[in-house]
Structures are given as C-alpha cells and as structure tokens.
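This report concerns only the one structure given below.
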Amino acid sequence: MVGLKVFGQPASTDVARVLTCLFEKDLEFQLIRVDRFRREHKIPEYLQLHDPSGQVTFREGDLTLVDSRKIIRHLCSKYPDHGNKKLYNCLGAVSVCYLPV
Numbered sequence: 001m002v003g004l005k006v007f008g009q010p011a012s013t014d015v016a017r018v019l020t021c022l023f024e025k026d027l028e029f030q031l032i033r034v035d036r037f038r039r040e041h042k043i044p045e046y047l048q049l050h051d052p053s054g055q056v057t058f059r060e061g062d063l064t065l066v067d068s069r070k071i072i073r074h075l076c077s078k079y080p081d082h083g084n085k086k087l088y089n090c091l092g093a094v095s096v097c098y099l100p101v
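What follows is the structure in structure tokens.
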C-alpha cells in the first residue's frame with residue numbers, strides 16, 4: 001500500500017511541482033485526480049483535507065499539507081537518501097539567492 005498520496009490535477013503548476021519532486025526522489029506515490037469540471041473538489045471527504053485556496057493536497061499518514069513548496073521541503077528533508085540527493089541542496093541555494101536585501 002502506498003503511503004504518499006497527492007490530490008489534484010497534474011496540469012496544475014502546484015501539482016506538477018510536487019510530482020516532479022516525487023519523481024526526482026524516486027518515491028512511490030498515488031495520484032488521486034480531482035476534476036474541478038465534474039465538481040469533485042466539492043465532495044465532503046475531499047473538503048476535509050483540502051485548503052480551498054490551493055490546487056494540491058498531500059497526505060502521508062496523519063500529515064496533510066496543502067502548499068506545494070512545503071510539500072517539497074517535507075519530502076526532501078524526510079527522504080534525503082532517495083533518488084536525487086542534491087535536490088534539497090539546490091532548493092536551499094535558490095532560496096538563499098532570492099532573499100531580499
């Protein structure tokens with residue numbers, strides 16, 4: 001059974017960002033597509049998990065995250081030895097470059 005679940009549309013930028021990280025880290029996950037045209041984002045079970053302002057929802061056990069950047073930081077810090085080991089270092093370097101002066 002896969003413990004990592006991503007809810008959303010793969011065409012969404014936030015969902016694509018999380019999926020890219022999962023593929024780079026070579027982690028098994030389950031993608032649960034939420035079709036907004038069919039109003040699947042209004043299903044009560046999904047509303048309990050989801051932040052209405054976001055496009056992506058991530059579940060790992062009891063942990064639920066709704067911000068794509070927080071999800072990526074969580075994955076890189078929890079699974080540092082999986083897949084691309086330099087991914088978190090690159091993200092850290094980029095975040096330092098964009099600090100306001």
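Residue numbers (full-length UniProt numbering): 1 to 101. C-beta atoms are modelled at their ideal positions from N, C-alpha and C, and glycine is treated no differently.
Just to check my reading of the structure: F7 and T57 have Cβ atoms closer than 8 Å, yes? What is that Cβ distance to the nearest angstrom?
Correct: roughly 4 Å between the Cβ atoms.
What do you get for S68, buried or exposed, if any count of 16 or more other CB atoms within 10 angstroms of its CB means buried?
With 16 or more other Cβ atoms within 10 Å, it is buried.
DSSP has residue 106 in a bridge; who is on the other side?
Residue 106 falls outside the range modelled here, since the chain spans only 1 to 101, and no answer is possible.
Hey, out of P80, E28, L87 and H82, whose CA is closest to R59's CA?
It is E28 whose Cα lies nearest to the Cα of R59.
Compare the C-alpha of S12 against each of D26, L31 and L4 and name the closest.
S12 has its Cα closest to that of L31, out of D26, L31 and L4.
Can you name the start and end residues of the alpha helix (DSSP H) that L65 belongs to?
Run containing L65: none in the alpha helix (DSSP H); it sits in the beta strand (DSSP E), L63 to L65.
In or out: K25 buried (at least 16 other Cβ within 10 Å) or exposed?
Looking at its Cβ environment, which holds 16 or more other Cβ atoms inside 10 Å, K25 is buried.
State buried or exposed for L75, treating a residue as buried only when at least 16 other CB atoms are found within 10 Å of its CB.
L75 comes out buried.
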